[in-house]
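Inspection log for the structure reproduced underneath, given as structure tokens.
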Amino acid sequence: MKLHLTALSLLLVYLLSCASASWAAPMEVYVSIPPQKWLSDELGGDRVITHVLVTKGRDPHTYEPTPKQISALARTKVYFTIGLEFEKQITQKLAATVANLRLVDSTHGITRIPMTEDTHETAHKDHGGHTGDDPHVWLSPVNLQIMAKEMAAALVAADPENTTIYERNLARITAELAQLHLVLQKELAPYKGAAFYVFHPSFGYFAKEYNLRQQAVEIAGKSPSPRQLSALIGMARQDKMKIIFVQPQFDTKSAQTVAQAIDGIVEPLDPLAEDVVGNLKIITEKITSALNGKEGRKN
Ligand code: ZN
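Laid out in structure tokens, this is it:
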């Protein structure tokens, strides 16, 4: 009997040691939008499972979390926010009731730019606009590096046992994003000051980073008035622009009106794709070919 107990306690010690470090279950974290999942997955490797609140095809401007998502969030260790309007109601609810959830602003340290006055001055959340600063921070490899650093630090704080893994992955993706920035800089340099036309102004940081101008069809989060529409058509004609980019999450009738009036086309460009590195390359490609006027022309 005595022998059995000793064997049992040895087994227990063995099992407990297995449960620590890399034998533990991956840590579950939440993010708001798919591009953050790319960062979290790259940083976490197999040590982190990332859940996204605004899943593919959903519009973050009109998104509301389900009660199921709220209760799942309450059981999670880390929630990486990005500064979108809907997060306020979540963080207020959670901060009051949940003690051990870490709310991490993944954009901490990013210099925000204001939304341009013609597009968002009177915007409010009911119409899918934005007030104050431009929230679309993730479409810039420079901002993504800041986000990666912030998120890695939070993963280390929540799961210090795997610090070396998170730090190694941070170094890798920081190098990848720095390299991407150099490539995009080089590719976009010839188009300095040029305007590209979009429905919703999601590309402000991208435009600023590479010295381009984003011209939005949507005004203050709403479709433009007939007067605003004709002014925009006039500008697009002057710029000889034949392509209006639209994002798949939006109803884009007014973008089509503009495209028809300039004898151009609307083309999808998704600011929310999860593979944000691949997507930044696609965005660059589509914008440069729109500015070249080589592709996408009607007929
Ligand atoms: Zn937006």
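Residue numbering for the sequence shown is 196 to 494, as defined by our numbering.
A virtual CB, placed ideally from N, CA and C, is assigned to each residue, including glycine.
If you draw a straight line from the Cα of THR271 to the Cα of ILE277, it comes to about 17 Å. Note on the segment 376-451: whole beta strand (DSSP E) runs with a minimum of 3 residues are 390-393, 408-411 and 438-441, in chain order. The C-beta distance from HIS331 to SER227 rounds to 12 Å, too long to fall under 8 Å, and the pair is not in contact. For THR250, no alpha helix (DSSP H) segment is defined, and its DSSP state is neither H nor E. In this structure, ALA485 lies near ILE438, with their beta-carbon atoms less than 7 Å apart. When Cβ pairs closer than 8 Å are counted between the two stretches, the segment 236-243 is seen not to touch the segment 284-298, the count staying below three.
Counting along the chain, the unbroken alpha helix (DSSP H) around LEU268 starts and ends at 262-269.
In this structure THR483 is buried. Its beta-carbon is surrounded by 16 or more other beta-carbon atoms within 10 angstroms.
Non-local C-beta neighbours of ALA402 in its own chain, meaning closer than 7 Å and more than five positions away in sequence, comprise ARG408 and GLN409, ordered along the chain. Under the 10 Å beta carbon count, GLY399 is surrounded by 16 or more other beta carbons and is classified as buried. GLY459 counts as buried, since no fewer than 16 other beta carbons sit within 10 angstroms of its beta carbon. Under the three-state reduction of DSSP output, MET342 falls in the helix class. Between PRO421 and LEU427 a beta carbon distance of about 11 Å is seen, past the 8 Å cut, so the two are scored as non-contacting.
Where ASP300 is concerned, the enclosing beta strand (DSSP E) starts and stops at 297-300. The three-state secondary structure of VAL332, taken from DSSP, is coil. Counting only residues of its own chain and dropping the five nearest sequence neighbours on each side, HIS303 has a CB closer than 6 Å to the CB of GLU345. Of the candidates LEU268, THR257, PHE275 and ALA269, the residue whose Cα lies closest to the Cα of TRP233 is PHE275. Near ligand 1, residues with a Cβ at less than 6 Å from any of the ligand's heavy atoms are HIS256, HIS325, HIS331, HIS395 and SER397; the list follows chain order. When C-beta atoms of the segment 336-350 are compared with those of the segment 364-378, three or more pairs fall below 8 Å, so the two segments count as touching. Sixteen is the threshold: when 16 or more other Cβ atoms of the shown chains lie within 10 Å of the Cβ of ASN357, as they do, the residue is buried. Ranking PHE281, TYR225, GLN264 and LEU464 by CA distance to the CA of LEU298 puts TYR225 first. In the structure shown, the three-state DSSP call for PRO229 is helix.
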